[in-house]
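Residue numbers (my numbering): 65 to 449.
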């Protein structure tokens, strides 16, 4: 298979002529690398003064260098030690660039590796940047990158606007099936029509590709996203953040390992095996934690299989009834905000009804379907009443 070529690999050829010599800022993180593992900042440095004038960096959650390991830890802006330009934090006092941050820019370049799930916050940092840039008259250039868990499959409820938060600001499903460039185009079309958006395309990427088929190196987009396996189970297992069950942060296999002192791991394994025909996973016992392993990428349902099944065994497997602590939207990582749907919150333990509700959301927004055959399959499998 021909390796995917990123726009970063051909930046000189792809950079828009209308932005030659422009003052640019760049929103980057550790996974902003070329196919040869060269970081975007180095490539931008090489073209500085030729294609454009580099004036500022911006960083999302976990920092410009991925320096904040734990979840929801803010970081402060600073001056880059080599470039001597500001590195603005968009996960500190501000989530959205201020007019002051943008006043000396003509263009904001965005080069972020998303992982295909609505509650992964990098796409919402881009969303807020687009909103600010539209207001301040700054153009946005997005360098497209693959959706690691393929660009075909969509899963989970479409976000209910009553549950907008930093883990969901626009109506898309949990597993959205789009590249970051496609999301940027959707945001422009549906939310920011005056945003001057340019998307630099990839070459050789196919919608059905998983990341391990692209020929590109995997670089952790965030400290707890070490492998493609992690990204595969994340759309479902991230829901555990809304409970007092650990999702495995701080272990070597976050989101693949989950557990709590009060869980009867053997009973959970037994309950989960009842669903193996649906979710194509196996579960093994490790003390009082469990590990989920995707056996077949294209069979796995990463949202309904990953999240609903572990949580809907709670009453049978927990030694207490405290699994659902802080589920409601009073806490920043609540299950209610992650699910972003009142029906999802109530249906999370009624898997079949919940799944049907998700499908109805996809059918309502036909843009989520990639082909007529997708629609026919959904209608056949989930007749609408």
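Positions of the beta carbon are idealized from the N, C-alpha and C atoms, including for glycine.
Considering only the beta carbon of each residue, do residue i and residue j sit closer than 9 angstroms?
| i | j | result |
| --- | --- | --- |
| residue 322 | residue 312 | yes |
| residue 174 | residue 190 | yes |
| residue 188 | residue 156 | no |
| residue 242 | residue 268 | no |
| residue 101 | residue 79 | no |
| residue 105 | residue 176 | no |
| residue 92 | residue 128 | yes |
| residue 162 | residue 230 | no |
| residue 264 | residue 108 | no |
| residue 133 | residue 288 | yes |
| residue 247 | residue 275 | no |
| residue 151 | residue 143 | yes |
| residue 236 | residue 213 | no |
| residue 147 | residue 194 | no |
| residue 65 | residue 277 | yes |
| residue 329 | residue 262 | no |
| residue 266 | residue 130 | no |
| residue 280 | residue 68 | yes |
| residue 258 | residue 234 | no |
| residue 239 | residue 299 | yes |
| residue 208 | residue 71 | yes |
| residue 153 | residue 140 | yes |
| residue 320 | residue 301 | yes |
| residue 110 | residue 171 | no |
Give me whichever residues DSSP pairs with residue i in a beta bridge.
| i | result |
| --- | --- |
| residue 236 | Per DSSP, none; premise fails for residue 236. |
| residue 152 | 122 |
| residue 116 | 86 and 112 |
| residue 69 | 267 |
| residue 142 | 151 |
Under the rule that 16 or more other beta-carbon atoms within 10 Å means buried, what is residue i, buried or exposed?
| i | result |
| --- | --- |
| residue 305 | buried |
| residue 118 | buried |
| residue 181 | buried |
| residue 295 | buried |
| residue 450 | There is simply no residue 450 to check, as the chain begins at 65 and stops at 449 in what is shown. |
| residue 325 | exposed |
| residue 198 | buried |
| residue 196 | buried |
| residue 225 | exposed |
| residue 165 | buried |
| residue 273 | buried |
| residue 73 | buried |
| residue 386 | Bear in mind that the predicted position of residue 386 carries a pLDDT of just 45, short of 50, making it too unreliable to give a figure here. |
| residue 452 | The displayed coordinates of the chain run from 65 to 449. Any statement about residue 452 would go beyond what the structure contains. |
| residue 217 | buried |
| residue 215 | buried |
| residue 89 | buried |
| residue 145 | exposed |
| residue 245 | buried |
| residue 113 | exposed |
| residue 307 | buried |
| residue 82 | exposed |
| residue 77 | exposed |
For the alpha helix (DSSP H) containing residue i, list its first residue and its last residue.
| i | result |
| --- | --- |
| residue 166 | 163-166 |
| residue 76 | 75-78 |
Would you give the residue range spanned by the beta strand (DSSP E) that residue i belongs to?
| i | result |
| --- | --- |
| residue 172 | 171-174 |
| said: So within the segment 245-328, which uninterrupted beta strand (DSSP E) runs reach at least 3 residues, ignoring any that extend past its ends? | reply: Runs of the beta strand (DSSP E) inside the segment 245-328: 261-264 and 321-323.
| query | What runs of the beta strand (DSSP E), each 3 residues or longer, lie entirely inside the segment 190-230? | reply | 203-207, all fully within the segment 190-230.
| Unbroken beta strand (DSSP E) runs of length 3 or more, entirely within the segment 80-106: which are they? | DSSP runs (the beta strand (DSSP E)) wholly in the segment 80-106: 86-91.
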